[in-house]
Amino acid sequence: MPFGWAARPEKMAKLPVILGNLDIHIDNVSPDFPNYVNSSYIPMKQFESSADTVTFEVEEFVPCIPKHTQPFTIYNNHLYVYPKHLKYDGQKAFAKARNIAISIEFRDSDDEDAQPLMCIYSRPGCPVFVKNALACVLHHQQNPEFYDEIKIELPTQLHEKHHLLFTFYHVSCDTSSKGGTKKKDVIESQVGYAWLPLLKDGRVVTNEQNIPVSANLPTGYLGYQEFGIGKHSGPEIKWVDGGKPLLKITTHLVSTVYAQDQHLHNFFQYCQKNESGAQALGSELVKYLKSLHAMEGHVMIAFLPTILNQMFRVLTRATQEEVAVNVTRVIIHVVSQCHEEGLESYLRSYVKYVYKAEPYITSEYKTAHEELAKSMTMILKPSADFLTCNKLLKYSWFFFEVLIKSMAQHLVENTKIKV
Numbered sequence: 001m002p003f004g005w006a007a008r009p010e011k012m013a014k015l016p017v018i019l020g021n022l023d024i025h026i027d028n029v030s031p032d033f034p035n036y037v038n039s040s041y042i043p044m045k046q047f048e049s050s051a052d053t054v055t056f057e058v059e060e061f062v063p064c065i066p067k068h069t070q071p072f073t074i075y076n077n078h079l080y081v082y083p084k085h086l087k088y089d090g091q092k093a094f095a096k097a098r099n100i101a102i103s104i105e106f107r108d109s110d111d112e113d114a115q116p117l118m119c120i121y122s123r124p125g126c127p128v129f130v131k132n133a134l135a136c137v138l139h140h141q142q143n144p145e146f147y148d149e150i151k152i153e154l155p156t157q158l159h160e161k162h163h164l165l166f167t168f169y170h171v172s173c174d175t176s177s178k179g180g181t182k183k184k185d186v187i188e189s190q191v192g193y194a195w196l197p198l199l200k201d202g203r204v205v206t207n208e209q210n211i212p213v214s215a216n217l218p219t220g221y222l223g224y225q226e227f228g229i230g231k232h233s234g235p236e237i238k239w240v241d242g243g244k245p246l247l248k249i250t251t252h253l254v255s256t257v258y259a260q261d262q263h264l265h266n267f268f269q270y271c272q273k274n275e276s277g278a279q280a281l282g283s284e285l286v287k288y289l290k291s292l293h294a295m296e297g298h299v300m301i302a303f304l305p306t307i308l309n310q311m312f313r314v315l316t317r318a319t320q321e322e323v324a325v326n327v328t329r330v331i332i333h334v335v336s337q338c339h340e341e342g343l344e345s346y347l348r349s350y351v352k353y354v355y356k357a358e359p360y361i362t363s364e365y366k367t368a369h370e371e372l373a374k375s376m377t378m379i380l381k382p383s384a385d386f387l388t389c390n391k392l393l394k395y396s397w398f399f400f401e402v403l404i405k406s407m408a409q410h411l412v413e414n415t416k417i418k419v
């Protein structure tokens, strides 16, 4: 296992100095840079399979502000895991627990014969995906700190059984064993487990998490629930140090699938249930539409094409005037926010390259231009909200562009005009 040798400052003088050089070259990269793959190892344009050198694009973690955010244009679903700290100086469950290594796995089941998924990106020079990743070992530390980054390719559809499993090992550094050799099970001995379910209320768990550590790993461990006063449901788990949260980790999600904003998540989840055949309730939909005015700006920009597509879909299927009006108000809010951040170019790109009118079925759905025009007239009434009316007039170019394109596509697709 890899070692990150740690020492106290007073012992630094005893450590040998290893000489080395670090050469850094900084060059301008042209936009049509050839032979490179993105952060998901997908080859980009002008990629030659016979090329000797391939360049890897590093994932960029931009600040969570609208002006630094771009709309998602390609699929991405990565989870970054950062083990931070393990507090093991108070544990009494194991005789030896120093030189601690952490093995990180991603699983979709807590059954006895469950296997880790092959979805963790490996180190350079190894296969693309591996079943587990190891954090560097700190020598002779009972409270080790870790500095590793583990990158995971998440499945498109997550469920409640998907989780991270952390297995802790004590790595023996004693070379005085008889015979001069040691078996692997003596060198590495398990000293605990911890797990983190990925979904909470349908959203991916992110940011800092403090997790208790178990001395055993029974079947069905994800079903354990603590009720307090010594009562619980699920299997018997032997907690280390009384079940205190001994492991600290941080997770960071980069996903075009799962929105971290609670308001947008609720709206998408409602739409998904509705698409699956659940009965649509106008009052509930209006509540979710109104809450979208409070979604974070950078999330709105990132999911801009998806949000607008879903708005126009809901608009054409609305059976109540209140729903159609609130959909249009959300679109006005999105368009206004983009202009205020100086990102109206994203709106122009959406209308030109992304927007496509929903299929027209006379008996079921209405056209986008018809419903949009009707709801716009409702918002422009003297009794309507003045600020919303003002924004609609100020940024009316977007709505007229959508109206024109929707009418044109409707005529062409229904063979009412020849092109």
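Each residue of the sequence shown is one higher than the last, beginning at 1 in the UniProt record's numbering.
All C-beta atoms in this analysis are idealised placements derived from N, C-alpha and C, irrespective of residue type, glycine included.
Three or more beta-carbon pairs separated by less than 8 Å are not found between the stretch 49 to 59 and the stretch 97 to 109, which leaves the two stretches without contact. Going by C-alpha positions, P66 is about 11 Å away from L304.
With contacts defined as CB atoms closer than 9 Å, F146 and A135 qualify as a contacting pair. Within its own chain, the residues whose Cβ lies closer than 6 Å to the Cβ of I187, once the five positions on either side in sequence are excluded, are S172, listed in chain order. Distance from the CA of P43 to the CA of K231, rounded to the nearest whole angstrom, comes to 53 Å. For the pair S406 and V325, the Cα-to-Cα distance works out to about 18 Å.
Under a 10 Å Cβ-count criterion, K366 is classified as buried, with 16 or more other Cβ atoms of the shown protein chains found around its own Cβ.
DSSP, read as helix, strand or coil, puts L392 in helix. Looking from the CA of S189, the closest CA among V205, F168, Q141 belongs to F168. Looking at the backbone, the Cα of E413 and that of S291 are separated by about 35 Å. Beta-bridge analysis with DSSP links A101 to Y169.
In the DSSP assignment, Q115 falls outside any beta strand (DSSP E) and carries neither an H nor an E. Nearest Cα to H265 within the set K238, Q310, P63: Q310. Bridge pairing for S214: Y193, W239 [DSSP].
A distance of 9 Å or more separates the beta carbons of H410 and H68. Here V81 really is in contact with I150; their C-beta atoms are around 4 Å apart, less than 8 Å. Relative to the Cα of G243, the nearest Cα in the group K87, F398, T415, V17 belongs to K87.
Beta-bridge analysis with DSSP links N77 to S255. Between T316 and E284, the gap from beta carbon to beta carbon reaches 9 Å or more. The alpha-carbon separation between A368 and Y288 amounts to approximately 20 Å. In the three-state reduction of the DSSP assignment, H68 falls in the helix class. Collapsing the DSSP output to three states places I249 in a strand. In this structure, DSSP gives K161 a state outside helix and strand, which the three-state scheme calls coil. For N132, there is no enclosing alpha helix (DSSP H); the enclosing beta strand (DSSP E) has its first and last residue at 132 to 134. I152 has its alpha-carbon roughly 13 Å from the corresponding atom of L158.
A distance below 9 Å separates the beta carbons of R329 and H293.
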